[in-house]
Structure formats: C-alpha cells, structure tokens
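Numbering (the working numbering), first residue to last: 2 to 547.
Structure, rendered in structure tokens:
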C-alpha cells in the first residue's frame, strides 16, 4: 500500500497522511522528561492494559475473515492445538556477532507479526510457514525467530516504553509492529547494536512505502536508545497488579486469575517466566528404536543433546529444519512436547489394549500409545475437523502405525456400541492453552476472559460422553495444557462428585519421582517455571470394577 493511502488515526480528530511534512503526532519526547506533553502517559493501574488505546487500534476483519487479533467475541470456544505442537522454535539466542537482520528477514518478521495482529494467525504456524518458503540463512532464521517471539513475549512491556515517547501513541498497526521489532532489539538483544536496530526500522518503514513515517520512527527509536536506562517501569511495591501486567507482559485479567489461583508470589513466578533457550524435544519411534539406539543416532548428528525429564524425551539444540532430517522423514523419531508425552505415558498402554485418544490431532499422543502397544491392539483416534485429521494420517504413514484407526467425529456425541468396551480413554481436552504461554506467547493476548466459561462447559460435555466408553476397571486420563483451576482440578472435582464410580489414581512409577510427589488428591499440575516443562494438568481416573 502506498504512502499516499496509508493514514494515521489521530486521537485529536481527523486523519493525517504519513506523506505530509510534519511527522505523525507531535514528535517523540525524551524519557524521564519532567514535563508531560499533551495528555501524557496513561496512569499506571488503569483498567485498560498499558499499550492499548481502544478498539480503534484493531481494524474490523473483512467479511468472512477471522476477527482481528485480540478482538474475537467473548464466548468463542478456542480450539487450541493440543498434543504434539507445531514445530518448536529453534534455540533463539542470536548469533555472537550479529549486526541485525537483512531486509528479507525484516520483512518476514514484520509479515508474521502482521498476520498475528491483523488476521489472528497463530505465531508458530505463521512463522513455520514463512520460514519454510524463505531463502534466509540459518543465522537470519534464528534471529527472526528470536525477535518475533521476543516481541510477543514482551509486547505489553515494549508498548509501555514506546508509548512514553509519543504524545499520541500510533494506532497504525504496521508502524506499531515496526517500532516493536526495533524496540525489542534495543531492549532485549545485547548482541545487536542499537544503531543497527534503529537503522533497520527506518529502512523497513521505507521499504513498506511509509517514507513519511521514517523520520518519526527514527526519532522515537533514537530517544529509546538514549533513555532506555531511565524508563519509569512500574514497581512491585507501588502496584503489584500493574507491575505484573507490564513487566510480565500479561493481560490484567490473567494476572488476576493467576493471583487468585496461586497467590501473589507464584503468580509472579508464572508471569515472569521465560525460557532462556527453546530446544526441540524429540523421542524415538518405539517400534523401531530403543532409547539407547536413539541416543547413538542423535550423537551421530551435529546437534547438542541432553536427556529430558519425561521418559524417552531428548532435548536437542542446534538442529535447524529438523523436519527435513532424513531420519525424521523415515519415521525414526518424533517431535513432541514433554508434557504431551507425560499425558500419554499416564495411560500406561500395553500390547493388545483397546484405547481411545479423543481430540487426537495432530497425533503425537496417538503415536505414543500405538508405539507403547508395539503395534498391537487398537488405538482409536478421533478428530472433529477433517483438515486436522489429515495430520493424523500423515503421522500414521510416517511412523508406520498399523494399529491406529482414525475417524472424523465429534467425541462428545454418543456411540452406544462402544460404551463399556475400552481399556483406556485419553482426553486431552480443548482448553485455554494458558499453560503454554512461554512456548506460544501470542495465546495470552488471543484468549479473552469470556472464553473460559464455554471452554469449561465443553470439557464437561466431553468428560460426560467419554467416561461411558471406559469398561469396568478401565482408565480415563484427562489432561489440558492449561494452568487455570476451573479447567483442571475444579473440573475433575465436579466430575467426581457426579461420578462416584471413578476415583483418582496415583501416577505410574514410570513418571519422574519429583513429579509424582507433586500430585495431589485431584491430579498433577505442571508449571513451566517450576518443572521446566510445558504447563499441563494430568489426572488418572480409575473406573470401579463391576
């Protein structure tokens, strides 16, 4: 879009072309200035999240399009991808001698953020798809990944700093994202010179036909460089709620839910947690390799490998484009999060069993169950959406899972002929996904407070339907990638009250002892900051024998 068409929404009224001689707003102001220009910064502790200025910032979606980022109508049940997640990001530490991004890398990073903010795209999927078709160098790929996730992890904090440099904070989404990309490098990437971050931002604005905004952007970023050590960050002792909101880049409603559920100190630990590195987690195809054989295979590659917490889990660093690895494509191993592995391990699947994996796509847990059963018995994998069921078919072919039976069906619908026939049912339920905010930071802005009640209602409906399929003496395993009690322990307490024929059973001895010791009367809640795995909830429910 040309600069003659792109317009800045001016809070004072009217629209101002970027191509005019005067910069957007009234220009930047230095941090720490005693005099407030115009309306000055928003007061800390306001109910509106810092860094937003109302609905005008987010455009309405085109007819038939997904709602704009963060503006989806409350009450919409989110189908958070569960099980094996999209390809994890590689180790995101920038290279030792980085001078910033190439223009192609800058454009790619901006387009991913625009997809997230304007179209509601999932960051992991958008980034994976963009990188798959790019010609970027391995260094640029790692740096793009690091900066895109850095922006999303720290978006509210970045906006807090930027908004104090503008009399009228920009509402133009593209300009805002260019500012965020550069500010992320200035505030969080020591290996990228500040001058490079500023110059990159200016060049990117010009490349996007925003020449009229280049001077404004240059001035804002240079003031950020000069004043970054004087930013008046919120202090915990002054306003705990605003402190977590800004410094943890956590929406206020999530701050409130976490504080209510875990208390101030643990809520702070959850909100402030960031993974220093983001290694991929892989495990062997248990039909083809033992753990020892898999270790030998891994050490033949130029990867850094350490043993994970979950059984069969290995943490891999330095593996670019791991899905293109020949052994991966031959089905020798899978990429799967450790908490997802633990949920499948809780089933204790044995050869000859009949097991159902409800809400199964993309198939990581189904594959785990099939392999644990050594290709015998039956694993029924149900998925509501046909496109996602295709992921299951792809997993089945790659890994050679002959005992996997895939169906496109609603797991909440009755199936009388299957009642009381299954040895085990695994329900990794649709949920808010707030347990994987570290891995998928865009989720914390996507989920809205009005979403939780319908999600809980859907989970309850699934539990009611699926518990009927468990035979007497059989097992129901319930899991989510959430850390909210209403989706987890409170959900199970309600279920047990309605179904006295089920009782909570201890986690199996194959679980790490440190995790078994953390289980309580209503299951195990995993927390990323404490357990160094994804935030997950897992509970085993044994049905009484007739």
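Ideal Cβ positions, reconstructed from N, Cα and C, are used throughout, including at glycine.
It should be emphasised that the depicted structure is a prediction, and the values quoted were computed from it without experimental measurement.
Next on the checklist: Looking at chain D, is there any beta carbon in it that lies within less than 7 Å of the beta carbon of residue 123?
Outcome noted: No chain D appears in the structure shown, which is made up of a single protein chain.
Item to check | Supposed close pair residue 114, residue 166 - CB separation, criterion 8 Å | outcome: The count along the chain shown starts at 1 and reaches residue 114 at position 113. The count along the chain shown starts at 1 and reaches residue 166 at position 165. The Cβ separation is near 20 Å, so there is no contact.
Item to check | Alpha-carbon to alpha-carbon, residue 474 and residue 533 | outcome: Against the chain shown, residue 533 aligns to sequence position 532. Against the chain shown, residue 474 aligns to sequence position 473. If I take the Cα positions, the gap works out to 33 Å.
Checklist entry - If you drop the 5 nearest sequence neighbours on each side, which residues of the same chain put their C-beta closer than 6 Å to that of residue 151? => result Position 150 of the chain shown holds residue 151. Here the set comprises 185 and 189.
Checklist entry - Got a sec, what are the start and stop residues for the alpha helix (DSSP H) residue 191 sits in? => result Residue 191 sits at position 190 when you count from the first residue of the chain shown. Boundaries cannot be given for residue 191, as no alpha helix (DSSP H) includes it and DSSP labels it neither H nor E.
Checklist entry - What are the start and end residues of the beta strand (DSSP E) that includes residue 358? => result As a working note, residue 358 is residue 357 in the chain shown. From DSSP, the beta strand (DSSP E) with residue 358 extends over 355–359.
Checklist entry - Under 7 Å between the Cβ atoms of residue 180 and residue 199? => result Here the question's residue 180 lines up with position 179 in the chain shown. Here the question's residue 199 lines up with position 198 in the chain shown. Note that the C-beta distance between residue 180 and residue 199 is not below 7 Å.
Checklist entry - Whole-angstrom Cβ separation of residue 471 and residue 477, contact assumed at under 8 Å? => result Counted from its first residue, the chain shown places residue 471 at position 470. Counted from its first residue, the chain shown places residue 477 at position 476. Between residue 477 and residue 471 the Cβ distance is about 5 Å, and since that is below 8 Å, they are a contact.
Item to check | residue 479 - partner residues in DSSP beta bridges | outcome: As a first step, residue 479 is located in the chain shown; it is residue number 478 there, counting from the start. According to DSSP, which records beta bridges pairwise, residue 479 is partnered with 428 and 540.
Item to check | residue 153 beta carbon less than 7 Å from that of residue 442 | outcome: On the chain shown, position 441 is the one that residue 442 refers to. On the chain shown, position 152 is the one that residue 153 refers to. A Cβ-Cβ contact shorter than 7 Å links residue 442 with residue 153.
Item to check | Neighbourhood of residue 508 by C-beta distance below 8 Å, restricted to the same chain and skipping five residues each side | outcome: For the purposes of this step, residue 508 is taken as the residue at position 507 of the chain shown. Only 347, 516, 517, 520, 525, 539 and 541 meet the Cβ criterion.
Item to check | Secondary structure of residue 135, DSSP reduced to three states | outcome: Reading the chain shown from its first residue, position 134 is the one you call residue 135. Looking at residue 135 - three-state DSSP - the assignment turns out to be coil, as it is neither helix nor strand.
Item to check | Nearest to residue 305 (by Cα), restricted to the options 317, 298, 294 and 311 | outcome: Sequence index remark: in the chain shown, residue 305 carries index 304 (1-based). Here the closest residue by C-alpha is 317.
Item to check | Terminal residues of the alpha helix (DSSP H) in which residue 226 lies | outcome: Here residue 226 refers to the residue found at position 225 when the chain shown is read from its first residue. For residue 226, the enclosing alpha helix (DSSP H) stretches over residues 212–228.
Checklist entry - residue 254: which of 362, 415 and 447 sits nearest, CA to CA? => result The residue labelled residue 254 in the question sits at position 253 within the chain shown. Residue 447 is the option with its Cα nearest to residue 254.
Next on the checklist: Taking the beta carbon of residue 458 as the centre, do at least 16 other beta carbons fall within 10 Å, making it buried, or is it exposed?
Outcome noted: The residue labelled residue 458 in the question sits at position 457 within the chain shown. By the neighbour-count criterion, in which 16 or more other beta carbons inside 10 Å mark a residue as buried, residue 458 falls on the exposed side.
Checklist entry - Mind pulling the beta strand (DSSP E) runs of 3 or more residues that sit fully within the segment 281–328? => result The DSSP assignment places 281–285, 305–308 and 315–318 as complete runs of the beta strand (DSSP E) inside the segment 281–328, in order along the chain (cut-off: 3 residues).
Checklist entry - What residues in its chain sit with their C-beta under 7 Å from that of residue 329, if we drop five residues either side in the sequence? => result As a first step, residue 329 is located in the chain shown; it is residue number 328 there, counting from the start. Shown here for residue 329: same chain residues with a beta carbon closer than 7 Å to its own, the five before and five after excluded, namely 323 in chain order.
Checklist entry - What residues in its chain sit with their C-beta under 7 Å from that of residue 546, if we drop five residues either side in the sequence? => result As a working note, residue 546 is residue 545 in the chain shown. These residues qualify, in order along the chain: 473 and 474.
Checklist entry - What did DSSP end up calling residue 127 once you bin it into helix, strand or coil? => result As a first step, residue 127 must be located in the chain shown, where it is residue number 126. Collapsing the DSSP output to three states places residue 127 in a helix.
Checklist entry - Would you call the segment 279–293 and the segment 484–503 touching, i.e. three or more CB-CB distances under 8 Å? => result Three or more Cβ pairs closer than 8 Å define a contact, and the segment 279–293 falls short of that threshold against the segment 484–503.
Checklist entry - Cα-Cα, which of 368, 544, 261 and 454 is closest to residue 502? => result For the purposes of this step, residue 502 is taken as the residue at position 501 of the chain shown. For the residues 368, 544, 261 and 454, the minimum Cα distance to residue 502 belongs to 544.
Checklist entry - Within this structure, are the beta carbons of residue 405 and residue 416 separated by less than 7 Å? => result As a first step, residue 405 is located in the chain shown; it is residue number 404 there, counting from the start. As a first step, residue 416 is located in the chain shown; it is residue number 415 there, counting from the start. No Cβ-Cβ contact shorter than 7 Å links residue 405 with residue 416.
Item to check | Euclidean distance between Cα positions of residue 277 and residue 158 | outcome: What you label residue 277 is simply residue 276 of the chain shown in a count that begins at 1. What you label residue 158 is simply residue 157 of the chain shown in a count that begins at 1. Near 18 Å, if we compare the C-alpha coordinates of residue 158 and residue 277.
Checklist entry - If we count Cβ pairs, one from each stretch, closer than 8 Å, do we get three or more for the segment 230–245 versus the segment 204–212? => result These segments do not touch.
Item to check | Contacts around residue 262, its chain only, beta-carbon distance under 8 Å, and the 5 residues preceding and following it disregarded | outcome: Here residue 262 is taken as the residue at index 261 of the chain shown, counted from 1. Cβ contact annotation for residue 262 (same chain, cutoff 8 Å, sequence separation greater than five): 268, 484, 485 and 486, in chain order.
Next on the checklist: Suppose you measure from the CA of residue 111 to the CA of residue 338; what does that come to, to the nearest Å?
Outcome noted: As a position in the chain shown, residue 111 is number 110, starting the count at 1. As a position in the chain shown, residue 338 is number 337, starting the count at 1. For residue 111 and residue 338, the gap between their C-alpha atoms comes out near 28 Å.
Checklist entry - Are residue 350 and residue 356 closer than 7 Å when you measure CB to CB? => result One-based indexing of the chain shown puts residue 350 at position 349. One-based indexing of the chain shown puts residue 356 at position 355. Yes.
Item to check | Limits of the unbroken alpha helix (DSSP H) element including residue 254 | outcome: For this step, residue 254 is matched to residue 253 along the chain shown. Boundaries of the alpha helix (DSSP H) harbouring residue 254: 253–273, taken from the DSSP string.
Item to check | Reference residue 400, options 370, 197 and 270, closest by Cα | outcome: By 1-based counting over the chain shown, the position of residue 400 is 399. Closest by alpha carbon: 370.
Checklist entry - Does the distance from the CB of residue 245 to the CB of residue 272 come in under 7 Å? => result Mapped onto the chain shown, residue 245 falls at position 244. Mapped onto the chain shown, residue 272 falls at position 271. Yes.
Checklist entry - With C-beta atoms as the reference, is residue 408 less than 7 Å away from residue 537? => result To locate residue 408, count along the chain shown from 1; it is residue 407. To locate residue 537, count along the chain shown from 1; it is residue 536. Against a cut-off of 7 Å, the Cβ pair of residue 537 and residue 408 comes out as no contact.
Next on the checklist: Using C-beta distances below 8 Å, list every residue in its chain close to residue 76, excluding the 5 sequence neighbours before and after it, in chain order.
Outcome noted: For the purposes of this step, residue 76 is identified with residue 75 of the chain shown, where counting begins at 1. Only weak support is given to the placement of residue 76: the predicted model assigns it a pLDDT of 42, under 50, and the value that follows is read from those uncertain coordinates. Close CB contacts of residue 76 within its chain, under the 8 Å cut and outside five residues either way in sequence, are with 451, 452, 454 and 455 (chain order).
Item to check | Through-space distance from residue 292 to residue 117, alpha-carbon basis | outcome: Position 116 of the chain shown, counted from the first residue, corresponds to residue 117. Position 291 of the chain shown, counted from the first residue, corresponds to residue 292. Here the alpha carbons of residue 292 and residue 117 stand approximately 38 Å from one another.
Checklist entry - Assuming residue 106 contacts residue 137 under a Cβ cut-off of 8 Å, what Cβ separation, rounded to an integer in Å, is found between them? => result What you label residue 106 is simply residue 105 of the chain shown in a count that begins at 1. What you label residue 137 is simply residue 136 of the chain shown in a count that begins at 1. About 6 Å separates the beta carbons of residue 106 and residue 137, which is inside the 8 Å limit, making them a contact pair.
Item to check | Residue span of the beta strand (DSSP E) that contains residue 408, given as start and end | outcome: On the chain shown, residue 408 is found 407 positions in, with the first residue counted as 1. Membership of residue 408 in the beta strand (DSSP E) is indicated by the continuous run 405–409.
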